[in-house]
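Novice:
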Amino acid sequence: MKLRTIGIGIIGAGSIAQGVHIPGYRAISDQCEIIAAADISEDALRAVGRDFDIPKLFDDYHDLLKLDEIDAVSVCASNPIHHPATLAALAAGKHVFCEKPLALNAADAREMVAAARAADRILAVDFQSRFFAQSVLLKGYIERGDLGEIYYVRAAWNRRRGLPSKVKGAFHSKELNGGGALIDIGVHVLDAALWLMGGPKPVAVTGATYLKIGNRADGGFNPWGPYNHEEMDVDDFALAMIRCDNGASLILECSWALNIDAEYYKIWLAGDKAGAELELGFSRDPAAVPLRIFKTEADTWVDLTPRGYAPVPSPHAAAVADFVKSVREGTEPKAPGEDAVRVQEIVGAIYASAESGAEVRLD
Numbered sequence: 009m010k011l012r013t014i015g016i017g018i019i020g021a022g023s024i025a026q027g028v029h030i031p032g033y034r035a036i037s038d039q040c041e042i043i044a045a046a047d048i049s050e051d052a053l054r055a056v057g058r059d060f061d062i063p064k065l066f067d068d069y070h071d072l073l074k075l076d077e078i079d080a081v082s083v084c085a086s087n088p089i090h091h092p093a094t095l096a097a098l099a100a101g102k103h104v105f106c107e108k109p110l111a112l113n114a115a116d117a118r119e120m121v122a123a124a125r126a127a128d129r130i131l132a133v134d135f136q137s138r139f140f141a142q143s144v145l146l147k148g149y150i151e152r153g154d155l156g157e158i159y160y161v162r163a164a165w166n167r168r169r170g171l172p173s174k175v176k177g178a179f180h181s182k183e184l185n186g187g188g189a190l191i192d193i194g195v196h197v198l199d200a201a202l203w204l205m206g207g208p209k210p211v212a213v214t215g216a217t218y219l220k221i222g223n224r225a226d227g228g229f230n231p232w233g234p235y236n237h238e239e240m241d242v243d244d245f246a247l248a249m250i251r252c253d254n255g256a257s258l259i260l261e262c263s264w265a266l267n268i269d270a271e272y273y274k275i276w277l278a279g280d281k282a283g284a285e286l287e288l289g290f291s292r293d294p295a296a297v298p299l300r301i302f303k304t305e306a307d308t309w310v311d312l313t314p315r316g317y318a319p320v321p322s323p324h325a326a327a328v329a330d331f332v333k334s335v336r337e338g339t340e341p342k343a344p345g346e347d348a349v350r351v352q353e354i355v356g357a358i359y360a361s362a363e364s365g366a367e368v369r370l371d
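When you read off a place in the sequence shown, starting at 1, and then add 8, the result is the number in the working numbering.
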């Protein structure tokens with residue numbers, strides 16, 4: 009049976025929509041069609057209408073949701089809009105592909121997931137780190153048992169300087185963004201680590217957050233341009249230890265600005281049979297490889313470098329394609345909303361622990 013083409017709406021027509029979501033849908037135009045976009049910014053609407061030939065444009069996403077020909081939406085608006093826009097879309101009978109973070113807090117995230125279940129609609133999240141070819145390959149090794157019991161993981165996305173510029177929006181504001189480096193890039197590497205570990209339940213979190221560079225006019229060279237140091241009240245560096253119900257420990261690090269030699273976006277996993285180092289998207293050395301396996305055989309150490317697998321040109325596009333496939337076939341997406349709730353609970357616990365100076369238990 010031939011599957012029908014689904015209609016797509018875009019809520020939030022800014023840079024993430026123009027750079028990721030819209031190109032992702034257009035790459036599979038045989039499966040979906042972008043019907044409309046909504047944004048409060050006239051400039052953003054003008055840009056998507058001009059550059060992507062989207063036929064219907066609205067300054068209120070509620071009007072977009074009234075269109076019967078739209079089956080699913082991408083929620084690409086600012087973080088505080090994720091919760092109300094997703095609830096409105098689900099109430100209108102639309103499937104939802106939401107940008108990260110799913111919400112500003114775990115309670116809102118849980119409400120979104122419950123609403124998707126009640127509406128019998130798909131709620132997926134753009135956790136694109138799961139879609140790198142090397143991530144998928146390593147996940148297969150782990151599920152096959154090659155690493156054995158994974159009991160220690162370190163996950164880090166640290167930038168030497170990568171403070172969001174003033175033109176990027178309200179990343180500097182806790183009220184408008186929900187947090188800083190942790191809620192922006194930390195959620196990506198945290199989700200990927202938990203996914204590779206098999207989704208253990210976090211039971212205790214100890215965290216710390218810092219704002220040492222992003223609030224300074226003399227914070228140093230920032231390749232992304234001038235940043236709003238005057239009003240910045242969010243973390244530019246965060247770290248945590250997360251203990252899980254299966255006994256495994258996860259160390260998380262993330263930064264927009266940290267005085268280190270170079271940016272790295274990596275996950276290290278230690279199992280009782282073997283270990284792995286997974287690099288996601290960045291490399292200190294052009295000759296470096298994105299995945300390595302460490303083990304012992306007989307009386308020697310063995311380091312394996314898998315090769316020959318096809319790279320993914322855009323993990324974002326792969327995440328979009330997975331969402332469309334789920335909608336068309338009625339299958340579970342690879343990054344469901346339930347997993348984003350778990351991430352949001354940990355993020356909230358890290359901030360709470362940083363504020364109190366004590367461990368936070370998770371029920």
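Think of the CB as a built atom: it goes at the ideal place given N, C-alpha and C, for glycine as much as any other residue. Note that the structure is predicted; figures quoted are calculated from it, not measured.
Straight-line CA distance for V297 to Q142?
Specialist: In a straight line, the C-alpha of V297 is about 10 Å away from that of Q142.
Novice: In whole angstroms, what is the alpha-carbon distance linking F245 and A348?
Specialist: Each residue's Cα considered, the two are about 21 Å apart.
Novice: Taking the C-alpha atoms as reference points, what is the distance between T313 and L277?
Specialist: Computed Cα separation, rounded: 15 Å.
Novice: Sorted by chain position, which residues of the same chain lie with C-beta nearer than 6 Å to R162's C-beta, five sequence neighbours on each side aside?
Specialist: Closer than 6 Å at Cβ, skipping near neighbours: I259, W276.
Novice: Cα-Cα, which of F60, G289, N87 is closest to K108?
Specialist: K108 has its Cα closest to that of N87, out of F60, G289, N87.
Novice: What does M205 pair with, by DSSP beta-bridge criteria?
Specialist: Partner(s): none; M205 has no beta bridge.
Novice: Assuming contact is defined by CB atoms lying nearer than 9 Å, are F179 and V133 in contact in what I supplied?
Specialist: No, the pair does not count as a contact, with Cβ atoms beyond the cut-off.
Novice: Look at the alpha carbon of I19 and the alpha carbon of F302, and state the distance between them as a whole number of angstroms.
Specialist: So the alpha carbons of these two residues sit roughly 44 Å apart.
Novice: Short check: CB of A225 to CB of H237, under 9 Å?
Specialist: Contact: yes.
Novice: Report whether the distance from the Cβ of E157 to the nearest heavy atom of the ligand PLP is below 8 Å.
Specialist: Looking at this structure, you won't find the ligand PLP or any other ligand, since it has none at all.
Novice: Could you tell me if D307 is buried or exposed, where buried requires 16 or more neighbouring beta carbons within 10 angstroms of its beta carbon?
Specialist: Exposed: under 16 other Cβ atoms inside 10 Å.
Novice: Do you know offhand how far R315's Cα is from P208's?
Specialist: Roughly 29 Å between the two C-alpha positions.
Novice: Where does S74 land, buried or exposed, given buried means 16+ other C-beta within 10 angstroms?
Specialist: Per the sequence shown, residue 74 should be read as Lys rather than Ser. Exposed, by the Cβ-count rule.
Novice: Could you give the DSSP three-state label for D154: helix, strand or coil?
Specialist: The answer is coil: DSSP assigns D154 none of H, G, I, E or B.
Novice: By how many angstroms is the C-alpha of G279 removed from the C-alpha of C252?
Specialist: Whole-angstrom Cα-Cα distance: 15 Å.
Novice: Sort out for me which residues DSSP pairs V83 with in a bridge.
Specialist: Per DSSP, I19, C106.
Novice: A265 and L370 - do their beta-carbons sit closer together than 9 Å?
Specialist: Contact flag unset, no.
Novice: Kindly confirm or deny that the segment 55-68 and the segment 87-96 touch, where touching means at least three C-beta pairs closer than 8 Å.
Specialist: Result no; under three Cβ-Cβ pairs closer than 8 Å.
Novice: Measure the beta-carbon distance from K174 to P234 and round it to whole angstroms, keeping in mind my assumption that it falls under 8 Å.
Specialist: So it is a contact: roughly 6 Å between Cβ atoms.
Novice: Could you check if R12 is buried or exposed, using at least 16 other CB atoms within 10 Å of its CB as the buried criterion?
Specialist: It counts as exposed.
Novice: Give every residue of the same chain whose Cβ lies closer than 6 Å to the Cβ of P323, excluding the five residues on either side of it in the sequence, and list them in chain order.
Specialist: Hits under 6 Å: Q136, F139, F140.
Novice: Within its chain, find whatever has a CB closer than 8 Å to the CB of R34; leave out the 5 residues flanking it on each side and keep chain order.
Specialist: Cβ neighbours of R34 beyond the five flanking positions: I42, F60.
Novice: Excluding sequence positions up to five away, which residues of its chain have a Cβ less than 8 Å from the Cβ of G283?
Specialist: Within the same chain, G283 has close Cβ partners L155, W276, L277, I301, F302, K303.
Novice: Scan the segment 196-249 and note each continuous beta strand (DSSP E) run of 3 residues or more that stays entirely inside, going in chain order.
Specialist: Counting only runs of 3 or more, we get 210-218.
Novice: Does DSSP classify E337 as helix, strand or coil?
Specialist: Here E337 sits in helix by DSSP.
Novice: For G57, which three-state DSSP category applies?
Specialist: DSSP places G57 in helix when its eight states are reduced to three.
Novice: Spatial neighbours of V121 within its chain, please: C-beta separation below 7 Å, excluding the five flanking residues on both sides.
Specialist: These residues qualify, in order along the chain: L131, G345, E346, V349.
Novice: Starting from the Cα of G194, find the closest Cα among A329, Y273, E151, C84 and give me that residue.
Specialist: For the residues A329, Y273, E151, C84, the minimum Cα distance to G194 belongs to Y273.
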